[in-house]
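Just so you know, we're using the working numbering here: the sequence shown kicks off at 322 and counts up by one.
Where a beta carbon is used, it is the ideal one built from N, C-alpha and C, also for glycine.
On a predicted model such as this, the values are computed, not experimentally measured, just so you know.
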Amino acid sequence: MPVKAQDYGGVSIQLLGKDDRPISFAVIRLEFDSGYYFFTNTDKWGKAYFWITQEQLNKRIKLEIPDVFNKPLKTNVSEVMFTGFNQIKVVKVLNSRIITINVLDEIGQAPPLAGITNAATERTISRNGTIIALISDDFEGDVKVGAPLRKDGLIKVTKDEDRYEITLKMAITFTLYSNGEEFVVSVRWDGIEDRDMGNKMLVPYSADLRLISTRGDIKMLGKLDPITFTSSSGEATMNITLPEEINTAIKTGEWMEWPDEWKKGALMLAFYIDYQPSSQEEIYVYFNNAWMLALTSFLPIPPTISKVYLYEATFSPFVDLLINQNAELERQLEDAKARIETLESQLASSMEELKYAREQVSSLTSQLEVVMEEVTILKGELSATRTQLQIASLTLILGIAIPSVIAALLALLYIRKKTKA
C-alpha cells in the first residue's frame, strides 16, 4: 500500500554541550523498537533532521552519541520520543568537549580535505582546513591528522587545550618543463599513505595542466594520464601534449603577441581522483578511502565522485618557463660550440701528427732507396768476387795437375822404347 504524505514527517534533535553551546557536526545513532537503526549528523547549529513515520510517533527511540573515536558519550537522556511531526528534542552531552585543529600544508594552504585519521575519519573531514572534533572531556593522547596526498602528522591533545595547529608535509612533488611540443611532468612520491593508494583496487589519479591569467581566466593545456601508487615511494615521468594553438605559438613566437595577462600568468598542475564507481560497494570495500567517501554523491544511482583538486602545484609564469627553455637551449648550444672547438683542436693536432708521420715515411723511403742502391752495388761486387775466386781455384788446380801429367807421359815413352829394343 502506498505511503500517504501525512503518514510521515520530519523531526529533529539538537545536541548541546555541558556549557549549553550547540555541538556541531556530531553523529547521532538512533535505534527503533523494531531493531532498525541509522545515523544522522548535526549541522553547525547542532541540529540533526530526519524523517519518521506515523507509527513511530509516541514510541521510544534509543540514542547514542559517539565521539570521533567511537567511544559513547554520556547524555542526560538515553531515549527520545516524538508525539508529533516537526518537534525538536534537546539532548545534552555531559562529558564532551570540542577541539579545533587548523591544518595547513607546507606550501601554506589549507588542504581541500582534512581529517583525523586514527579515528572515524569521515566524521571529522573538513573542507576548509579547520577540523572540528567531538571527544570526551577526559581524553589525552596523540591525534593523527591527515589530508589527501599529504603525510600524516601527530598532535598531542591535552585536557587544558582545545585549539591546535599542524602543518602537513606533501607526499608528492612535481617538476615540469616544455620540450617545445609537450610538457614533461616528473612525479615523485615518498610517504604516500595506504588509504591514498587504495585497498583491493588502486585509486586512480589524474592531473589537469592549466594556464591561469593574472585576471583569473583559465586555459586548459592538457590532462595527465591516470596514475596509481603501487608503493609508498616511487617516481614516474609522463608527457602532456600541448594544444595545437599553444604548440604553434611557441614554435612561431606568436606567444610574444599574447596579452600581458596571459604572458604573465602561471602554470598550475591540479591533481584529482579520476574515477567513477558503479556501486557503493566499490567505495566502501574496494578502495577504503575516506576522501573518496567524502567526495562521493550516492544519489542518484550510480554514485559519482566530485572532481575536486586535491593538490595544486603552481609553477613559474608561462613566459619564465619559455625563457628558461630558451636559456637551456642556449646553454646546450654553448656546450655544443665548446665541444666543436675541442674536436677542432683535436683534429688540428691530429693533422700535425699526420703531417709529421708522412714526413717520417718520406724520409724513411729515401733512406730505404739509398740502402737498396747500396745492396745492388754490393750484389755486383759479390758476383765479381765469386768469378775471381772460381778463376783462381781453376788456376790452382791446373798448376798442380799439369807437371804430374807430363812426368807420367815421359815415363810411358821410356818404357815403350825399352820394349822395342
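When only Cα atoms are considered, residue 556 and residue 507 end up about 7 Å apart. Every beta strand (DSSP E) stretch that sits fully inside the segment 446-475 and reaches 3 residues is listed by chain position as 451-457, 462-467.
Distances from the CA of residue 452 to each of 460, 483, 429, 573 were compared; the closest alpha carbon is that of 483. Around residue 677, the same chain offers no residue with a beta carbon nearer than 7 Å, after the five sequence neighbours per side are excluded. As the crow flies, the alpha-carbon of residue 402 is around 28 Å from that of residue 443.
Residue state for residue 351 is assigned as strand, using DSSP reduced to three classes. Here residue 691 carries a helix assignment [DSSP, helix/strand/coil]. Judged by DSSP in its simplified three-state form, residue 667 adopts helix.
Look at the beta carbons and you see the segment 464-473 touching the segment 426-443: at least three pairs across the two are nearer than 8 Å. Inclusion of residue 471 and residue 455 in the CB contact set at 8 Å is not warranted, their separation being larger than that value. With contact defined as three or more Cβ pairs closer than 8 Å, the segment 367-379 and the segment 339-354 are in contact. Just so you know, the alpha carbons of residue 496 and residue 534 end up roughly 21 Å apart. Rounded to the nearest whole angstrom, the C-alpha separation of residue 400 and residue 421 is 29 Å. Contact between the segment 513-526 and the segment 567-582 is not established, with fewer than three Cβ pairs separated by less than 8 Å. Proximity to residue 363 across 550, 371, 345, 605 peaks at 345, based on C-alpha coordinates. Residue environment: residue 517 is assigned as buried (16 or more neighbouring CB atoms within 10 Å of its CB, all protein chains considered). DSSP, read as helix, strand or coil, puts residue 386 in coil.
Note: residue 372 is bridge-paired with 331 in the DSSP secondary-structure output. A residue is called buried when at least 16 other Cβ atoms come within 10 angstroms of its Cβ; residue 418 meets this threshold and is buried. Beta-bridge pairing by DSSP links residue 554 to 511.
Inter-residue distance for residue 333 and residue 381 is about 14 Å (C-alpha atoms, whole angstroms). Taking the Cβ atoms as the reference, residue 492 lies roughly 5 Å from residue 513, within the contact range of under 8 Å. Ranked by Cα distance from residue 617, the options 597, 505, 427, 633 are led by 597. Counting along the chain, the unbroken alpha helix (DSSP H) around residue 565 starts and ends at 565-573. Counting only runs of at least 4 residues, the segment 388-429 fully encloses no alpha helix (DSSP H) element at all.
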